[in-house]
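Numbering (our numbering), first residue to last: 6 to 372.
See below for the structure under consideration.
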Ligand code: ADP
Ligand code: MG
């Protein structure tokens, strides 16, 4: 089921009676989510992710704009009639019911044509439990389960009605690191197996990048960029997106373009064309640095962190916006901290420049 968002906007009235400043939680969100895909809705806290999800679910009404499931306009449809499954951060299971009763619950309220026999319901509940691999826990109470197991029950409960659309709001935030990793793979597997169009909300860029077919990066209610995770990482539209994706994060420097050369501080790192002389922000991905005794970028080494396959060299540079510059180099390169300076050449496709005025990307040709 494809989902179409048309100029979707949500404005909340001011909470404070004295000021009449309203909050534009989501502004003019336009997107066609392809059938059967998993979309990661990504951005910092408060950027409008949950509000977007709640509008898709029908829990909140848009201030303006429309929502379609396939060709059906569902904008005015109630949550119950949208055919969605919802999963929240805090599993929200009924504590006095067993796992089985929790999963059965949404089926027991079906009316009219959809009404099922007891056998049919049990069969469906068992299938949903099996999909999330908790079929051996059906008689337990939620309090007798780990966080990860509880979240699987919540997912089974969301799936049992065979929804057209699955909506997940930070479903892994309450799990510890290892379980988070495991459960996100599970969600990916379940989504692929069922082929249900899924919107997955998270503030964790790595989580979104790792399981999404496409990501949507939001900031202050406004969509910044939509694309396949690798494409957005490799080709960010602006400085915000470049900074939001990647661990360790991109290194940002004050720089300028002058006479066909790109400078990081005083270091001329690249010959470029297509950009007029101006001050710019320069972003360099950590994996874009190549150790080179004659390289143009000169940093002062501070520390070396061994990360197994790779080595992270931590250094400083006078034009760096952040206190430290992080480069990732192959561990085969022996690195001597005793040196005064460390010199790099920069891989041209790992360096991005942005306008100082509006932080939009400035595209250049490498000469
Ligand atoms: P996210 O899920 O990305 O953290 P939200 O969608 O929850 O962000 O919130 C987006 C913005 O809308 C925030 O500024 C938040 O304070 C505001 N907001 C959310 N819900 C309400 C509400 N019911 N009333 C007023 N403002 C709200
Ligand atoms: Mg939220």
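Virtual Cβ for every residue (Gly too), placed ideally from N, Cα, C.
Is the region 12–22 close to the region 169–181, with three or more CB pairs under 8 angstroms? Contact fails: fewer than three Cβ-Cβ distances are below 8 angstroms.
Check whether the Cβ atoms of residue 55 and residue 228 sit closer than 8 angstroms, and answer yes or no. No, Cβ-Cβ distance for residue 55 and residue 228 is not below 8 angstroms.
Identify whether residue 137 lies in helix, strand or coil by the three-state DSSP scheme. In the structure shown, residue 137 sits in coil (DSSP, three-state: anything other than H, G, I, E or B).
With 16 as the cutoff for other CB atoms within 10 Å, does residue 322 come out buried or exposed? With 16 or more other Cβ atoms within 10 Å, it is buried.
Three-way DSSP call (helix, strand, coil) for residue 359 in this model: Under the three-state reduction of DSSP, residue 359 is assigned to strand.
For residue 150, does the three-state DSSP call read helix, strand or coil? Correct three-state label for residue 150: coil.
My parser needs the alpha helix (DSSP H) runs of 4 or more residues fully inside the region 204–252; what are they? You should have 210–216, 234–239, 244–249.
Would the region 97–107 and the region 74–86 be scored as touching if the rule is three or more Cβ pairs under 8 angstroms? No, the region 97–107 is not in contact with the region 74–86.
So for residue 261, helix, strand or coil by DSSP? Residue state, collapsed to three classes: strand.
Are the C-beta atoms of residue 219 and some chain D residue less than 8 angstroms apart? Absent here is chain D; the protein component of the structure consists of one chain.
Can you tell me the Cα-Cα spacing of residue 190 and residue 213, whole angstroms? Their Cα atoms are separated by approximately 11 angstroms.
Does the ligand MG have a heavy atom nearer than 7 angstroms to the CB of residue 68? The ligand MG has no heavy atom closer than 7 angstroms to the beta-carbon of residue 68.
Examine the ligand ADP and report whether any of its heavy atoms sits within less than 7 angstroms of the Cβ of residue 54. With a cutoff of 7 angstroms, residue 54 counts as near the ligand ADP, since its C-beta is closer than that to a heavy atom of the ligand.
For residue 332: DSSP bridge partner residues: Residue pairing by DSSP places residue 332 opposite 318 in a beta bridge.
Could you spell out where the alpha helix (DSSP H) holding residue 105 opens and where it closes? Unbroken alpha helix (DSSP H) run through residue 105: 104–113.
When every heavy atom of the ligand MG is checked, does at least one fall within less than 7 angstroms of the C-beta of residue 27? Not under cutoff, so the answer is no.
Which of the three DSSP states is assigned to residue 145 in this structure? Note: residue 145 maps to coil in three-state DSSP.
Given the structure, does residue 4 come close to the ligand MG, in the sense that its CB is under 7 angstroms from one of the ligand's heavy atoms? Only positions 6 to 372 of the chain appear in the structure, and residue 4 is not among them; the question remains open.
Skipping 5 residues on each side, what residues in its chain have a beta carbon closer than 7 angstroms to that of residue 254? Taken in chain order, the residues that qualify are 248.
Through-space distance from residue 358 to residue 128, alpha-carbon basis: Cα-Cα distance, rounded: 57 angstroms.
When burial is assigned at 16 or more other CB atoms within 10 Å of the CB, is residue 174 buried or exposed? With 16 or more neighbouring CB atoms inside 10 Å of its own CB, residue 174 falls in the buried class.
Separation of residue 277 from residue 264, as counted between CA atoms: Separation of residue 264 and residue 277 (C-alpha to C-alpha, rounded to the nearest whole angstrom) is 9 angstroms.
Could you give the DSSP three-state label for residue 354: helix, strand or coil? Here DSSP, grouped into helix, strand and coil, assigns residue 354 to helix.
Just to check my reading of the structure: residue 111 and residue 66 have Cβ atoms closer than 8 angstroms, yes? What is that Cβ distance to the nearest angstrom? Cβ atoms of residue 111 and residue 66 stay farther apart than 8 angstroms, at about 23 angstroms.
Please find out if some non-hydrogen atom of the ligand ADP comes closer than 7 angstroms to the beta-carbon of residue 385. No information on residue 385 is available, as it lies outside the stretch 6 to 372 that the chain covers here.
Can you confirm whether the region 32–46 touches the region 197–206 when touching is taken to mean that 3 or more C-beta pairs between the two stretches lie within less than 8 angstroms? Yes, the region 197–206 is in contact with the region 32–46.
How would you label residue 100, buried or exposed, when you count the other beta carbons within 10 angstroms and need 16 or more for buried? With fewer than 16 other CB atoms across the displayed protein chains lying within 10 angstroms of its CB, residue 100 is exposed.
Less than 7 angstroms separating the Cβ of residue 51 from some heavy atom of the ligand ADP? Answer for residue 51: yes, Cβ within range of the ligand ADP.
For residue 293, the three-state DSSP class (helix, strand or coil): Here residue 293 sits in helix by DSSP.
How about residue 221 and residue 367: do their beta carbons lie closer than 8 angstroms? Contact flag unset, no.
Specify, as a first and last residue, the run of the beta strand (DSSP E) that residue 305 falls within. Taken as a continuous stretch (DSSP letters only), the beta strand (DSSP E) holding residue 305 covers 302–312.
Measure the CB-CB distance between residue 351 and residue 289 and report whether it falls below 8 angstroms. Cβ atoms of residue 351 and residue 289: closer than 8 angstroms.
Taking 7 angstroms as the line, does the beta carbon of residue 247 fall inside it for any heavy atom of the ligand ADP? Outside the cutoff, so no.
Taking a contact to mean a Cβ-Cβ separation below 8 angstroms, would you say residue 4 touches residue 139 in this structure? Lying before the first or after the last residue shown, residue 4 is absent from the chain, which here runs from 6 to 372.
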